[in-house]
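Single-structure report; data block below.
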Amino acid sequence: MSKLLTSFKTSTSFLDGASILITGGTGSFGNALVQTLLDEANLRRIIIYSRDELKQYEMHNRLANHPKFHTIRFFIGDVRDKSRLQMALRDIDYVVHAAALKQVPAAEYNPFECIRTNIIGAENVVEACMSRNVKKVVALSTDKAANPLNLYGATKLASDKIFVATNNLSGKDGTRFSVVRYGNVIGSRGSVIPFFKQLLNQGTDHLPITHDQMTRFWITLQQGVDFVLTSLSRMDGGEIYIPKIPSTTITDIAKAMAPNIPIKIIGIRPGEKLHEIMVPMDEARQTVEMDNCYIIQPSYAFWRLGENKLADAKEVSPDFEYTSNNNPHFLDIEEIKQLLRHLYPNETF
4 MSKLLTSFKT
14 STSFLDGASI
24 LITGGTGSFG
34 NALVQTLLDE
44 ANLRRIIIYS
54 RDELKQYEMH
64 NRLANHPKFH
74 TIRFFIGDVR
84 DKSRLQMALR
94 DIDYVVHAAA
104 LKQVPAAEYN
114 PFECIRTNII
124 GAENVVEACM
134 SRNVKKVVAL
144 STDKAANPLN
154 LYGATKLASD
164 KIFVATNNLS
174 GKDGTRFSVV
184 RYGNVIGSRG
194 SVIPFFKQLL
204 NQGTDHLPIT
214 HDQMTRFWIT
224 LQQGVDFVLT
234 SLSRMDGGEI
244 YIPKIPSTTI
254 TDIAKAMAPN
264 IPIKIIGIRP
274 GEKLHEIMVP
284 MDEARQTVEM
294 DNCYIIQPSY
304 AFWRLGENKL
314 ADAKEVSPDF
324 EYTSNNNPHF
334 LDIEEIKQLL
344 RHLYPNETF
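Just add 3 to the spot in the sequence shown (first one is 1) and you have the working numbering.
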């Protein structure tokens, strides 16, 4: 597995004695991040900020026996509520902004709700963080924010712009804001792998594929957590961090999961792309490459390349773009099976 999965691990010593708040902290990412922080960091406080009291109750019970559980605080609140955010952000050093409405069809049907959470909520987070003198903030983004085709992607693009541009307002010694952008999380709710697995468990006679050439980026949940922490530790403010992760065709995923089950092409759904984009060609002139990631630098006067933190960075070519179909790291069917065995250790693939 080590040959397939890039390590984004970093030391968490920069968090020693600090306090961190996670918006959307009861989601899949939030749960994994909190578990990692409890196991590896020595924080003074971990604030879970979310609006679902049931998920907070379940998370409380799951973590109650951890020896560092006393560092956790649960805060019910919505990113739409700036005054509540300001209250929760008292004496907070770092923020990871993971709260968002993410379901593409739901966003298309309920556009104003998506805008209120993903755009107005982003504005509330940056303003509240500046007012409370938070040191650093990382916002989670998505490949769908690059050349967006659907409303969800458009709202996340707007959110990314807000987080990058706010560095102009926070001043030299104020709060620093950056963005982390990555693709599909392997095995996450709503992704194709658990969907195929559910169909197979139900005895389906075919697997539906929207297009036989469709490709996607893939990252594990733990890789995502590690990459966010690495970005938080190294950020100067204004960067968009993009990990180097593998691609697959959806067809090959189906073949790896069920080689003897026929595939049925059902057509691309509204708002769906054939291939994912994480660095568009138009942003190549602002992009630098490092060993395990790309960094889109902001085109603002405040930005200066960090000589120490990005000493090994190199410019990409003017016609560079990072898409799931031109990715040099493409998994074949056997490598996909290895990932599946990593995700479902008790299953045979």
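By construction, the Cβ of each residue, glycine as well, lies at the ideal position given by its N, Cα and C atoms.
Check: So, using beta-carbon positions, are A148 and R184 closer together than 8 Å?; Outcome: yes
Check: What's the gap between the Cα of L152 and the Cα of H345?; Outcome: 32 Å
Check: Quick one: what's got a C-beta closer than 7 Å to D19's C-beta in the same chain, skipping five residues either side?; Outcome: N45
Check: Classify G186: buried if its beta carbon has 16 or more other beta carbons within 10 angstroms, exposed otherwise.; Outcome: buried
Check: Between the Cα of V188 and the Cα atoms of S31, P262, P283 and I299, which residue gives the shortest distance?; Outcome: S31
Check: Alpha carbon to alpha carbon, how far is T178 from E56?; Outcome: 29 Å
Check: Which of helix, strand or coil does DSSP assign to S320?; Outcome: coil
Check: Going by the CB atoms, is the gap between A261 and L210 shorter than 8 Å?; Outcome: yes
Check: Taking only the alpha-carbon atoms, compute the straight-line gap between P70 and L41 and give it to the nearest angstrom.; Outcome: 8 Å
Check: Going by other Cβ atoms of all chains shown within 10 Å of its Cβ, with 16 needed for buried, is Y325 buried or exposed?; Outcome: buried
Check: In whole angstroms, give me the CA-to-CA distance for P348 and I122.; Outcome: 39 Å
Check: May I have a chain-ordered list of the alpha helix (DSSP H) segments no shorter than 4 residues that lie completely inside the stretch 36–118?; Outcome: 56–66, 85–91, 107–112 and 114–118
Check: Out of V37, G28, L24 and T26, which one is the CA nearest neighbour of D229?; Outcome: V37
Check: Have a look at H100, D215 and L277 and flag the residue whose alpha-carbon is nearest the alpha-carbon of Y52.; Outcome: H100
Check: Identify whether L152 lies in helix, strand or coil by the three-state DSSP scheme.; Outcome: coil
Check: To the nearest angstrom, report how far apart K12 and T233 are at their CA atoms.; Outcome: 7 Å
Check: Can you tell me which of the three DSSP states I269 falls into?; Outcome: coil
Check: Could you give the residue range of the alpha helix (DSSP H) that holds M281?; Outcome: Careful: M281 lies outside any alpha helix (DSSP H), inside the beta strand (DSSP E) at I280 to V282.
Check: If I79 sits next to Q59, beta carbons under 8 Å apart, how far is it from one beta carbon to the other, in whole angstroms?; Outcome: 7 Å
Check: Mind checking which residues open and close the alpha helix (DSSP H) that includes I253?; Outcome: I253 to M260
Check: For V137, which residues in the same chain have their Cβ closer than 6 Å to its Cβ, ignoring the five residues on either side in sequence?; Outcome: I95, V98 and T178
Check: Compare the C-alpha of V182 against each of E337, K175, T169 and H214 and name the closest.; Outcome: T169
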